[in-house]
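Heads up, the thing below is written out as structure tokens.
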Amino acid sequence: RKKMVEIMGFDSKKYVKGLIMLTLIVFFIVIFTSVIFANFQAGSPNHSIEKIYGPLFNISGWINISFDEEPIDSLFSAFFDGSPGNSVSLWELLDKNPAYVRSCTPSDCGEDYSATNGASSKIFTLNSGESKILGLKLTGNLIRINSASFKLQSDASIACVNQIEIDLFDDGDIDFINNKIAAGSGCSNLKTYGCYNALENKEEYIMTSVPYCQKMNLSESPGFYLGAWVKNVTGSLNLKMFLYDNYGVPVANCALPEITASEGEVSCSVDYPVSESREYYVCISSIEGTGEYRIRGNSNPSEGCGFYGYPPPSNTPAAYEIFAEGRKFDSVGTIEILNAPPNRDTLGVLIQDYILDKYGGLDCSTECVVPIRFISGINQQITINNLALNYEKTTGIVTDNNFYNLTEIPAKVNSNYQRLFIDKAGFSVPSDLDSYDFSLELNNQEIFSEDIEVKDVPIIKSLIPKATAAAFPTEFTVEVVFPANANVTSYDWDFGDNSTITTPMNKAIHIYSAIGTYNLQITVTDARGLSSSRIFEINVSSPKNLIRATLNKMNTDLQNLKTDIQNQALFHQTSLNSVLRIENISSELEIFEEQFSAATNDSEYMILVGDLLEIRIPENVFKTKQASSFLFFPERSFIDMDIVQSIGGGDYETRRIENYRNAVLAWQQENVDLTMDFNEFSEEYDSDINSLVNIFEIRINEKTDIVHDYYLIIPKLQNIGFDRSVEEKDGFVY
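In our numbering, the protein residues as written are 55 to 788.
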């Protein structure tokens with residue numbers, strides 16, 4: 055038998071002190087001369103960086119640089135005393151500098167393509183996991199794309215994996231698959247029961263018109279067999295399986311066949327294709343008839359994903375013997391890619407939108423290329439032909455039937471002289487306390503070199519907020535990491551508007567009188583007299599504009615969080631939703647939206663600003679640490695015999711406490727294997743990453759048939775939560 059419990063532990067006010075970047079005082083200086091390199095120019099002065107860092111902290115500062123047709127995959131590389139450090143591509147660094155104004159060729163800064171060897175038919179072979187990119191070519195000044203269609207033939211046979219995927223525009227979104235369903239049995243390796251465990255104790259539940267549902271990940275399949283274990287006690291009932299998406303919207307259903315045996319698994323088929331594995335709800339209920347039928351599930355599930363009722367559920371305490379089994383993809387044969395596929399825009403419209411986004415218009419006088427990637431799930435030979443690409447240009451209507459081989463070309467970047475901040479490039483300094491010669495190169499061309507020092511200094515980590523409203527008294531809070539036994543003694547604030555203040559605490563209140571962008575410089579000094587500085591850019595706008603922009607960003611971040619959380623296991627979802635207060639924040643934002651719509655003047659907007667700046671929504675949540683299936687034994691000194699006696703009963707002799715502790719360890723070793731999985735999730739907020747929640751999954755596997763009760767006893771830590779009910783006693787839970 056196997057038992058499992060998951061534990062959630064977090065402290066929402068305590069964050070791991072990570073590796074954080076420092077920023078230098080930045081002065082605006084008119085540029086008179088420049089140093090010219092291959093496709094970029096470094097201005098004079100060409101850089102400004104912080105000179106003192108803590109161990110392993112990131113280089114911070116800026117370079118004054120312009121680009122002229124610089125490939126977007128060009129590489130910035132850091133060196134310390136000539137030894138290579140980290141590298142980052144130009145595009146990655148630009149992505150971390152949204153305020154850096156640049157343009158690209160093509161205009162979307164994505165891959166460009168060179169089209170050659172046009173032919174009306176292309177034949178190629180792909181092995182499992184391989185892909186090939188081909189494309190369409192359009193020329194001239196376009197007016198509109200009327201239509202597009204083509205055919206694909208493949209010799210791929212029946213399989214449990216999707217044999218072929220077609221990605222129009224090579225954007226990572228799969229647009230067409232083989233959705234033909236093979237007759238016969240499904241794929242046993244794709245059969246899932248969700249969280250149901252056949253080895254755990256079971257109990258039966260009476261069927262009604264209210265469904266029993268289970269949340270589970272469905273495989274990428276063209277259709278499914280949906281079913282459950284059913285017992286016919288008396289009479290005759292008509293049963294039906296239902297499939298709901300993750301939002302509780304019904305997408306498919308099928309009627310189960312008549313129950314001919316007294317009990318067992320029954321299933322029916324739905325022709326519902328899933329192009330990417332994701333979570334769905336699979337449900338069963340009685341539609342009509344008289345009698346009593348039952349399903350079964352785990353009586354005390356180690357993990358719950360089922361519920362009695364309609365999706366989506368408020369909680370999932372159950373685990374039923376309900377299943378979904380992916381059906382096989384039929385042999386591919388011929389797939390016709392039509393101009394008007396069901397439930398979406400025509401290919402002509404999609405291609406026109408792509409060209410508009412990619413090239414900034416319909417001027418294809420130097421050619422526009424539309425990529426198509428073919429992705430193979432098994433070994434096969436593919437033929438594509440019968441292309442009919444019909445489009446209108448200023449000289450008339452043409453039809454092209456050629457596919458082209460494509461060569462990918464990195465986009466080119468153009469810009470004027472600007473400060474490009476390297477704080478987020480990840481150029482971490484060495485761990486040893488010492489002086490170093492730091493140099494930065496782009497494509498093996500040195501941009502600058504500078505002497506830096508690695509010292510044990512206080513480090514400025516983050517500041518909130520970085521956006522506020524004009525005329526609003528804003529409280530700024532800075533987070534600082536300082537060495538042991540060296541507390542910060544003063545905080546010097548230069549708000550960038552000719553206003554300065556010194557505080558003994560990490561908070562300061564300031565009013566910006568005018569709309570604009572300000573450089574707020576903070577200098578912290580510790581008890582040893584060592585100091586460090588960092589500059590933060592503060593955006594000051596009108597109260598109305600601040601609220602609108604902030605609400606838009608918060609709603610986007612909240613949706614991203616929900617997506618991140620939905621991809622986790624069920625208990626992980628519950629834990630993350632709890633610590634992040636997802637439901638509360640959703641309600642708060644809805645209220646703010648209503649109040650914002652009702653406000654009519656700056657006074658009313660000002661009231662909202664203060665409350666809105668108090669809300670902090672992470673931009674992302676993700677797993678940062680993981681360990682699986684490691685054996686767990688308590689340390690002998692941590693075994694509290696008093697709580698063991700209090701919970702389990704009996705008595706022990708204090709003078710022989712070590713013998714009793716040894717007996718506890720020996721009993722565990724002889725009777726159970728206790729293994730543990732560990733996952734740490736962190737949040738990202740304004741490029742600052744902090745530990746958010748630790749989740750432990752404990753599995754107890756009995757080595758022998760244990761007939762008496764035994765307990766897992768855990769100290770009741772602050773903010774600890776469980777996936778099931780537990781008892782509490784004298785500072786412990788069990």
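Idealized CB from N, CA, C, for every residue including glycine.
Treat the numbers as computed from the prediction; the structure is a model and nothing was measured.
Bridge partners - residue i, DSSP secondary structure assignment
i: Lys466; result: Pro125 and Thr159
i: Leu180; result: Gln434
i: Asn593; result: Ala521 and Thr571
i: Lys598; result: According to DSSP, Lys598 bridges with nothing at all.
i: Pro769; result: Phe786
i: His101; result: Ile117
i: Thr624; result: In the sequence on display, residue 624 carries Leu and not Thr. For Leu624, which the question treats as bridged, DSSP gives no partner whatsoever.
i: Thr528; result: His564
i: Met270; result: Tyr334
i: Asp546; result: Thr556 and Thr577
i: Thr758; result: Per DSSP, none; premise fails for Thr758.
i: Ile513; result: Val535
i: Thr344; result: Ser290
i: Gly351; result: Glu257 and Tyr374
i: Glu357; result: Paired residue(s): none; Glu357 is not in a bridge.
For residue i, the nearest candidate out of the options (CA to CA)
i: Glu330; options: Pro365, Ile231, Asp411 and Ser385; result: Ile231
i: Phe732; options: Lys783, Phe650 and Phe625; result: Phe625
i: Asn393; options: Lys150, Leu443 and Tyr374; result: Leu443
i: Asp759; options: Ile767, Val780, Pro769 and Asn725; result: Asn725
i: Gly583; options: Phe536, Gly450 and Leu574; result: Phe536
i: Gly172; options: Tyr458, Lys105 and Asn354; result: Tyr458
i: Ser503; options: Asp127, Ile106, Ser128 and Phe134; result: Phe134
i: Ser182; options: Leu719, Val761 and Gln435; result: Gln435
i: Leu416; options: Gly194, Lys150, Ile106 and Leu612; result: Gly194
i: Gln207; options: Asp548, Ile199 and Glu390; result: Glu390
i: Thr604; options: Asn541, Ile235 and Arg670; result: Arg670
i: Phe492; options: Gln499, Arg715, Asn498 and Asp505; result: Asp505
i: Pro233; options: Ile513, Ser683, Leu487 and Arg381; result: First, the amino acid is wrong: residue 233 is Asn here, not Pro. Selected option, being the one with the closest Cα: Arg381.
i: Ser275; options: Asp384, Tyr167 and Asp209; result: Asp384
i: Val287; options: Val633, Ile349 and Ile228; result: Ile349
i: Cys418; options: Leu401, Pro395, Tyr445 and Arg427; result: Tyr445
Close-in-space but distant-in-sequence residues of the same chain around residue i (CB under 7 Å, 5 per side omitted)
i: Val305; result: Leu297, Tyr298, Asp299 and Tyr326
i: Tyr765; result: Ile701, Gly702 and Tyr788
i: Leu73; result: With a pLDDT of 21 at Leu73, under the threshold of 50, the predicted position of this residue should be treated as unreliable, and no value is reported.
i: Arg398; result: none
i: Pro484; result: Phe134, Tyr490 and Val508
i: Val142; result: Phe130, Ala479 and Gly480
i: Lys598; result: Tyr659
Contact with chain C by residue i, beta-carbon distance below 9 Å
i: Ser657; result: Chain labels in this structure do not include chain C; a single protein chain is all it has.
6 Å Cβ shell around residue i - same chain, five flanking residues per side excluded
i: Gln680; result: Asn733
i: Tyr279; result: Gly240, Ser321, Ser323 and Glu379
i: Ser550; result: Reading off the sequence shown, one finds Gly at residue 550, where the question assumed Ser. Correct list, in chain order: Tyr572, Asn573 and Leu574.
i: Phe82; result: Note on Phe82: pLDDT 25, under 50, position unreliable in the model; no value is reported.
i: Gly414; result: Ser161
i: Leu190; result: Val424 and Leu443
i: Ser779; result: none
i: Ser290; result: Gly343 and Gly345
i: Ser273; result: Leu244, Ser331 and Gly380
Terminal residues of the alpha helix (DSSP H) in which residue i lies
i: Ser700; result: Met695 to Gly702
i: Glu648; result: Ile636 to Ala652
i: Asp149; result: Leu144 to Asp149
Own chain residues within Cβ distance below 8 Å of residue i, not counting five before or after
i: Ile476; result: Ile103, Ile113, Ser114, Gly115, Trp116, Ile117, Phe130, Leu147 and Leu494
i: Met58; result: Because Met58 sits at a pLDDT of 34, beneath the cut-off of 50, its placement in the model cannot be relied upon, and the following sentence gives the value as read from the coordinates. So the list reads Ser356, Glu357, Glu751, Ile752, Arg753 and Ile754, once near-sequence residues are dropped.
i: Asn552; result: none
i: Ala562; result: Glu529, Phe530, Tyr545, Trp547 and Ile555
Continuous beta strand (DSSP E) stretch holding residue i: start and end
i: Glu319; result: Glu317 to Val324
i: Ile313; result: Taken as a continuous stretch (DSSP letters only), Ile313 belongs to no beta strand (DSSP E), as it is neither H nor E.
i: Leu293; result: Phe278 to Tyr298
i: Gly166; result: Residue identity check: residue 166 is Asp in the sequence provided, not Gly. Element bounds for Asp166: Asp166 to Ala173.
i: Ser503; result: Gln499 to Val508
i: Lys205; result: Phe204 to Ser208
i: Ile199; result: Ser185 to Ser201
i: Pro152; result: That residue, Pro152, is in no beta strand (DSSP E); it is neither H nor E in DSSP.
i: Glu495; result: Asp488 to Leu496
i: Asp454; result: Gly450 to Asp454
Would you list, in sequence order, the uninterrupted beta strand (DSSP E) runs of no fewer than 3 residues that lie entirely inside the segment 216-262? 218-222 and 256-260
Secondary structure, alpha helix (DSSP H): runs of 4+ residues fully inside the segment 378-443: 401-413
Length-filtered (3 minimum) beta strand (DSSP E) runs lying within the segment 664-731: 674-685
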